[in-house]
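Written below as structure tokens is the structure these notes are about.
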Amino acid sequence: MFGWTGKLLHVDLTRGTCERREIPTEILHAYLGGRGLGVRLMRDYFRLGPFEPDLPLIFAVGPLCGTNSPTAARLACVSRSPLTGTIYDCSAGGRFAWRLKAAGLDALFITGKSPQPVFLCVEGERAELHPAQSLWGKGVKETVAALKVHGSVTAIGPAGENGVLFANIMMGEGNSIGRGGLGAVMGAKGLKAITVQGDGVTGVADQERFDAARADVMRLFRASPVIFGELGIAEYGTPALVDLMAQRRMAPTENFRSTFFAESGNYSGPAIREECGARKEGCYGCPIQCKKASAAGEPLPEYETVNHFGALNGISDLHAIVKANSLCNELGLDTISAAATLSAFGEARGRFPDAAEVAGLLADIAYRHGQGELLSLGSRRVAEILGKPELSMSVKSLELPAYDPRGAYGMALAYVTSNRGGCHLRAYPISHEILRKPVPTDRFSFSGKARIIKIAEDVNAAVDSLVACKFAFFGATLEEYGELLSAVTGVEYGPESLKAIGERIYLTERFYNCANGFGRANDMLPQRFFEEAGSAGEGIDVPPIDRARFEEELQKYYRIRGLDERGCFGGRDLLAELP
Amino acid sequence: MRDQIDKYTGKLVADRSACADGIAFAAQDDVLITAGAPELAALAGNTLSRLNSLALVAARPSLPFADFLIARAGAGEECIVPQDTETRTFLHDIPFLRRRDLAGDPAPILAKLLGNRKGVIVEGVGIVAVGAITVEQAFINYSSVFHSTFVKYLQDVLADGFSLAGEREAFDAFRQQWLRPLSAAGLDFVGALSLEKEEILAEIERVGRYTVERGLVDSFFGNISASAGELIYISQTAASLDELKGCIDPVPADNSSTTGITASSELLAHRKVYEQTGARVILHGHPKFSVVMSMICDRKKECAIKDCWKDCPHVRELGGTPVVAGEIGAGGLARRVPPVIGASGSAIVYGHGVFTLGREGFGEAFAAMVDVENFCREEYFRQVDRKQGQKP
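Now the structure itself:
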């Protein structure tokens, strides 16, 4: 078999066992890997609660991982989110995925609950659980330092150990498995960390074809101003978006009360470069290297993080934002949800946290001390407990990232149709509504957006299953990645067959969610976006979203998806139809 | 979406790439709609309904070059491999269906081919192109295929002459009837562009329209900029040159803001040209004969370089205009154009297009592009005639 290893490691933490098992070839062909494989492997477990021991925590790589396919040294982590209650996946880069594949595995399937803290050590064919009592309570850096002798490390920090609902799993290289609180799932299992090491090589079925496809991808990367342009993400990282979002009047500010922050230039891409001496870093083998680190090697914040610890909380001090980012990384907290929860809390109490207060609050959250006990629940629960549920700027309890939906109507729709809650990456309409890729669309129009969002969700589900980075698709398309996949695996794939796989994955997720009680009522934006205007300026008006038009487009979306008016499947047994 | 279909039907007629009575679109939101020539509309609808895409165009090209390319292809060939950089980069290859493969309903096989590529040529029917997320994208892909087949056919005729019945007559009709004289006559330009923002934006918008109307680009791609002190005003990436209002980025010369992340992929080339020449404006288009002639090199047989379009280090000349190699964007064009463009005010990029500059305004740049294209057009026909044994 080329591309895949056909093996997963089944780890039962309750029994303390590790066992290699076969993955049926037809499942790999039908779901690829990463998100798709993880979602398929959840089929018998999706009704379990996020903290039930038998709920699996799955790490899955894709068939391109281990080759020098651009941006493909990634994995998806899949489980059920304690923050949202939905099926959950997150794509992450670094070195871990590549080493996992080199250990001869397509996936780790971790179930059960260890009576004592442990870490999982995978070294080639060997896999063992080791005591981790001495690491429990340690920050991420110290944990990684202690374990890196075993290979690449992924670990939780105090936030995951303490069940913070938006706790991350941190990759040793500074990447994170973020947003949905899978760090808390890992913590509930008593699993502090995983180390992987291996020297296996991923076979490529047709090297000549692969080389040609790779050259096509790289040519498109070079032709993309967003990727390799002199103002693009390779140069400035995602903070390259700070100035653009300010100009477009869609940078969420003060808990989305406005959409322009006059001091955002303090943490723009050029400002970070100048102030922090930003240098290029990135995932293993990635030609883009969009991650940025300080001269001292400290990972620097992404766009979402600078906006949310900045504008969303009314903070303009770059160094305070960088410090908040570092603290989240060390404690194992999701930066978007942490900052958005602080912002909702700030609006509810009538005062946003200042730069000096943030660090203390983050530590309180991770250790669930004082006000942190409340804040560790995320903005939806915080706002409800404070009697102001309307102040949580979230969808399905997932805090919205740094693209105001009043400034991009496809984004507005995509936030609510996302299977993991208010996420920008499921359909990523910012790509066409703002960044003009592959072609521009009218950001203040709903026309055609239901179909566009549906298609993009399918595409991105496939991308998350290859697993490739979404940034690659600011230049390349599934045409080129389908060619890479065919060359690697020897199985023919193209854009249309990949989109069909993506649709299968998307519908499976939606089915799981509907079975767990999600439906039309959960596919809704916070009321603020229908009632309050954003910040006008530079000839741009940002009116409230027309609710009737929004709902009309949502119903169109359901029809395109083959769902009923409630956004569900009626009596259809979808899973029986799927491999 | 009907307004979009009307708009892009109009553009296909206006740019004369499709026959007015042979254009159809299909688009799907929660329902499928079709419009245009009935038979083609049925084909478009039947094909699109099999695809996870938003739009599709099926149209009969105004020139028979695509059909000729299929007829000239070898028996085992299934696709056309374009040589020009734009289509090489974005289309890779263009599959075709022969007339004999069209028994029964062609929609399933068409959908299968379009499941892997952006456009397909169907012999005797036309060009069918898909738009993954917009109607405009279907139009762009149609236009790219039309451009690609135009360029390749002209290349092949120059290299191999005519081989089909009726081919010479069709070529002569193209030369004498379809082609129109190219000039800048009747166009108005600001003589010396000021530093005033509104004037610059208005002039860029106007020149963008001229560039499309005079056929100096494929679909509507290309890019335009003007320097103004510490700013470069440049058209955005994927912007329609004939609809630039609101699609021009002001980019600080010192990169102190990244708002211009949406600027044209050729921003770096423009910036370096300004730095090295002191020009006020730059115009970049893809005029077809310039693209064709840039790929003709009499040293190819003995040259060790095979990927001429990106690796050729030589500076050749076409009528006094330097020709250099270089990929789009960060791929080399920005390195090779700036050093050569200053002397003549124009430069051709191998298989790609033409850059021209103006010291004071767009009048000079536009005229230079017209001159380059006219030279290449004349030179092309001169060489064809010579090979055919005719007098020019």
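Here the protein sequences come in this chain order: P and R.
Residue 265 in my numbering sits at position 265 of the first sequence, with consecutive numbering throughout.
Residue 758 in my numbering sits at position 179 of the second sequence, with consecutive numbering throughout.
Quick reminder that beta carbons are idealized off the backbone N, C-alpha and C, glycines included.
This structure is a prediction, so every number in the text was calculated from the model and none was measured.
Residues of chain P with CB closer than 8 Å to the CB of residue i, please, in chain order.
i	result
methionine 580(R)	Ser447 and Gly448
serine 843(R)	Pro225
Under a three-way DSSP split, which group does residue i fall into?
i	result
histidine 10(P)	strand
methionine 580(R)	coil
methionine 171(P)	strand
lysine 624(P)	Since the first residue shown for chain P is 1 and the last is 579, residue 624(P) is missing from the structure and cannot be characterised.
phenylalanine 945(R)	helix
isoleucine 434(P)	coil
threonine 588(R)	helix
aspartate 890(R)	helix
leucine 774(R)	coil
phenylalanine 46(P)	coil
Report the neighbours of residue i on chain R: residues whose CB is nearer than 8 Å to its CB, in chain order.
i	result
serine 268(P)	Ser836 and Thr837
aspartate 458(P)	Asn631
phenylalanine 228(P)	Gly908 and Ala909
arginine 279(P)	Near arginine 279(P) there are no residues of chain R at all, since even the closest Cβ is about 16 Å away, more than 8 Å.
With DSSP as the reference, identify every bridge partner of residue i, one or two as the case may be.
i	result
glutamine 607(R)	Leu611(R)
glutamate 235(P)	Paired residue(s): none; glutamate 235(P) is not in a bridge.
tyrosine 88(P)	Ser79(P)
cysteine 658(R)	Pro674(R)
valine 118(P)	Pro131(P) and Leu191(P)
glutamine 197(P)	Glu123(P)
asparagine 834(R)	In the DSSP output, where bridge partners are listed per residue, asparagine 834(R) has none listed.
leucine 635(R)	Ala605(R) and Val709(R)
histidine 863(R)	Asn802(R) and Phe934(R)
threonine 154(P)	Met171(P) and Ile194(P)
Between residue i and chain P, is any beta-carbon pair separated by less than 8 Å?
i	result
serine 727(R)	no
lysine 970(R)	Per-residue confidence for lysine 970(R) stands at a pLDDT of 44, beneath the threshold of 50, marking its modelled position as unreliable; the derived number appears in the next sentence. No, lysine 970(R) does not count as interfacial toward chain P.
glutamine 716(R)	yes
isoleucine 907(R)	yes
isoleucine 688(R)	no
histidine 849(R)	no
glutamine 815(R)	yes
threonine 666(R)	no
isoleucine 673(R)	no
threonine 713(R)	yes
isoleucine 719(R)	yes
isoleucine 659(R)	no
Would residue i and residue j be called neighbours here (beta carbons separated by less than 8 Å)?
i	j	result
proline 252(P)	leucine 333(P)	no
glutamate 943(R)	glycine 924(R)	yes
isoleucine 58(P)	phenylalanine 109(P)	yes
leucine 37(P)	alanine 103(P)	no
asparagine 695(R)	proline 495(P)	yes
serine 152(P)	arginine 80(P)	no
glycine 808(R)	histidine 863(R)	no
Measure from the C-beta of residue i to each C-beta in chain R and report whether the shortest distance is under 8 Å.
i	result
tyrosine 236(P)	yes
valine 306(P)	no
glutamine 247(P)	yes
valine 439(P)	yes
glycine 174(P)	no
histidine 432(P)	yes
lysine 499(P)	yes
glutamate 552(P)	no
glycine 232(P)	yes
alanine 240(P)	yes
leucine 563(P)	no
isoleucine 505(P)	no
isoleucine 272(P)	no
Anything in chain R within Cβ reach of residue i, meaning under 7 Å, just list it in chain order.
i	result
lysine 556(P)	Asp608 and Asp609
If the cut is a Cβ gap below 9 Å, which residues of chain P does residue i touch?
i	result
arginine 554(R)	Look at the range of chain R in this structure, 580 to 971, and you will see that residue 554(R) is not part of it.
glycine 932(R)	Those do not exist, as glycine 932(R) stays about 13 Å from chain P at its closest Cβ, beyond 9 Å.
Is the closest heavy atom of the ligand ATP to the C-beta of residue i under 7 Å?
i	result
arginine 629(R)	As for the ligand ATP, it is missing from this structure, which has no ligand bound.
Could you list which residues in chain A have their beta carbon closer than 7 Å to that of residue i, in chain order?
i	result
leucine 676(R)	No chain A is present in this structure, whose protein chains are P and R.
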